[in-house]
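**Student:** Take a look at the following structure, please.
In this note's numbering, the protein residues as written are 850 to 922.
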């Protein structure tokens, strides 16, 4: 992996974390949202901060995270 690619990856992860935080997601919600995005091949390093934030807000609004679901206990 080239240095530039590693740097891009880290900045993409930080952008994702910041957008989720701005959308009001808790750490547990962010992790579940990340799993959802990865499992459905919806996440790209090139997504904008605004796109990620909008998707996080939409996901949260649909009740995406359920702390009582058996996989979250």
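C-beta atoms are modelled at their ideal positions from N, C-alpha and C, and glycine is treated no differently.
Quick one: Cα of residue 906 to Cα of residue 868, how far?
**Tutor:** Looking at the two C-alpha atoms, the distance is approximately 10 Å.
**Student:** Would you tell me roughly how many angstroms separate the C-alpha atoms of residue 870 and residue 911, rounded to the nearest one?
**Tutor:** Between residue 870 and residue 911, the C-alpha separation is close to 17 Å.
**Student:** What residue range does the alpha helix (DSSP H) around residue 904 cover?
**Tutor:** Per DSSP, residue 904 belongs to the alpha helix (DSSP H) from 898 to 910.
**Student:** Considering just the uninterrupted stretch of the alpha helix (DSSP H) at residue 883, what are its terminal residues?
**Tutor:** From DSSP, the alpha helix (DSSP H) with residue 883 extends over 876 to 888.
**Student:** Assuming residue 894 and residue 861 make a contact with CB atoms under 8 Å, what is their CB distance in whole Å?
**Tutor:** That belief holds up - the Cβ atoms of residue 894 and residue 861 are roughly 4 Å apart, short of 8 Å.
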